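A quick write-up on the structure given underneath.
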Ligand code: OOB
């Protein structure tokens, strides 16, 4: 088994400890402290389920024992694919307490993605919910198990485990608790958005992640009286840690879970549970703004409405301020580390027009031109960063590591940003070949590879095109062989390859050639840019003609 490590050079590690960022805390340890301090305070609310901190802590002990009794050991990996349900927390903190590493899959992921995570992480177990949103995860698990040789156990939360192990059985184990992990150990593997092909695994330590929670709580003024609502899928880094559900648990606050981000589900919960803070992606924010204006629910408990994951336009920001009052916060972050926030006391102009500034005084930012030289202040450039909660390496990816990190440890975010004189960042665009579909990240290369596997596809290029609602959508340009397949067939093809639905191309455009007349090799990147521009021009011409 390849050990999952995350290490900063010792001079950096010493500095981060001396500054009080890394305090030697672990997830299992902080939960225990909160449970001892306020055992009867509500930790998790999901539907009619309410767990106090004492309830959660007891379940976490039971599961830490149970996972150990199953033969799982410190440092080993377990894929956790759970939606917004209470057992997400008992499972994940149970693993944390035993030093076993959750690998966070999203509910939307399908067989191809889960098999990739399992094989890459050498996962020994896979935790699912029986069914959710009309989808049977047990059928998915059966397929995954055939293709992931390291996977020994499928553990099922919910009423019907089918052929697999019920989570309830694991929770029954007694016996000694396994030893606590060290705070510098990797706590879990998060999933990267993916730009060069498949998602990479991101090892985060207890020390570094907990620092980002504490920093986020301070900025967002989340304390033990707070109520955080998980509206987006909680396995994603934004609702997990910015400050998210983990920040709320770190603060000793209450986490409320919504099964979906739709206003029908969320607004009654905000009213009933007196939610103080929540986070959404821009397309969801837009729907909320409309729904809030039509009234019907008391949303006055909300002190902070965070929007992040994709660019929020100033127009939508203004609508949110109109609908919700001065509670808007922009969040620009990444699962690899760096998170930026506008602050609650910032001027409206800053909140509308910028993506805020970093959590830590020790977040180092470089803004470089294409040749790697610093740009003049206020000029857009490539954002690189390092700091006390930004990783220095992906898990088991020597090539990607060489490409994504500079020799002195800066992470290349792939984002184009400018820094204003007041220190706030403005995201201008992206250099990476990724489509940001309303916060859901799609790697152009990954989808091209699946399209190229179709026998009637000669060549494929996947690009982002602007979309009023999602910000961006995916468009696949196809050079077909005769007989040419239909667009819908190619969409179905991608879906049937076992991918998350959000990766299915929104639009398919057939072209005779890519017109790569230039001599020599044209980069995929330039090709994608050219095709995209040509389509936008053609669309504009068509609109003019109408
Ligand atoms: C968050 O994390 P990821 O890992 O899914 O995606 C990171 C990428 C960034 O590199 C950037 O390209 C984009 O998502 N992004 C934004 C943005 N927030 C993220 N682009 C423009 N404006 C924003 N506000 O998406 C994430 C992680 C933690 C907190 C918030 C978001």
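Numbering (UniProt numbering), first residue to last: 1 to 546.
Here a beta-carbon is modelled for each residue, glycine too, at the ideal position from N, C-alpha and C.
Quick caveat, the model's predicted, so the values are computed rather than measured.
Can you round the beta-carbon distance between residue i and residue j to whole angstroms, since I take them to be within the 8 Å contact cut?
i	j	result
residue 385	residue 363	6 Å
residue 242	residue 333	5 Å
residue 501	residue 477	Contact flag wrong, Cβ pair sits at about 21 Å.
residue 226	residue 253	4 Å
residue 27	residue 187	6 Å
residue 228	residue 277	5 Å
residue 400	residue 196	7 Å
residue 420	residue 426	7 Å
residue 389	residue 192	Not a contact, Cβ separation roughly 15 Å.
residue 116	residue 198	5 Å
residue 261	residue 231	4 Å
residue 328	residue 321	6 Å
residue 438	residue 310	6 Å
Between the options, which lies nearest to residue i when the distance is taken from Cα to Cα?
i	options	result
residue 403	137, 274, 200 and 240	200
residue 530	513, 149, 541 and 117	513
residue 472	463, 480 and 478	463
residue 76	160, 122 and 50	122
residue 290	264, 323 and 299	323
residue 299	273, 312, 59 and 315	273
residue 352	117, 325 and 262	325
residue 107	365, 129 and 125	129
residue 468	81, 316, 43 and 29	316
residue 52	72, 401, 31 and 144	31
residue 5	318, 192 and 183	183
residue 29	41, 16, 19 and 57	57
residue 24	185, 148 and 338	185
residue 152	119, 136, 173 and 135	119
residue 417	505, 436, 61 and 354	354
residue 61	49, 92, 46 and 40	92
residue 475	484, 137 and 488	488
residue 249	21, 22 and 90	90
residue 506	534, 456, 455 and 435	435
residue 181	452, 74, 146 and 239	74
residue 127	16, 168 and 328	168
residue 307	224, 220 and 391	220
residue 456	490, 447, 442 and 310	490
residue 538	440, 465 and 406	465
I'd like the list of long-range same chain contacts for residue i, defined as Cβ closer than 6 Å, with 5 residues on each side in sequence excluded.
i	result
residue 98	64, 67, 68 and 178
residue 548	With the chain represented from 1 up to 546, any question about residue 548 goes unanswered, as that position is not in the structure.
residue 371	none
Grab me the residues of residue i's own chain with a C-beta within less than 7 Å of its C-beta, minus the 5 sequence neighbours each way, in chain order.
i	result
residue 190	104, 202, 204, 237 and 335
residue 215	359 and 360
residue 397	200
residue 410	366, 384, 385 and 386
residue 265	258 and 259
residue 445	196, 197 and 433
For the ligand OOB, any of its heavy atoms closer than 7 Å to the Cβ of residue i?
i	result
residue 311	yes
residue 339	yes
residue 251	no
residue 430	yes
residue 335	yes
residue 526	no
residue 331	yes
residue 355	yes
residue 192	yes
residue 413	yes
residue 409	no
residue 439	yes
residue 436	yes
residue 238	yes
residue 350	no
residue 360	no
residue 419	no
residue 242	yes
residue 280	no
residue 308	yes
residue 488	no
residue 522	no
Does the distance between the C-beta of residue i and the nearest non-hydrogen atom of the ligand HEM fall short of 7 Å?
i	result
residue 108	No copy of the ligand HEM occurs in the structure displayed; its ligands are the ligand OOB alone.
Please list, in chain order, all residues of the same chain as residue i whose beta carbon is under 8 Å from its beta carbon, the five residues on each side excluded.
i	result
residue 511	477, 478, 479 and 531
residue 525	433
residue 497	112, 450 and 453
With a cut-off of 8 Å, do at least 3 Cβ pairs link the region 342-357 to the region 300-317?
-> yes
Does the region 105-117 come close enough to the region 285-296 that 3 or more CB-CB pairs lie under 8 Å?
-> no
Answer yes if the region 2-17 comes into contact with the region 79-89, meaning at least three C-beta pairs across the two stretches below 8 Å, and no otherwise.
-> no
For the 8 Å Cβ check, are there 3 or more pairs between the region 133-149 and the region 159-168?
-> yes
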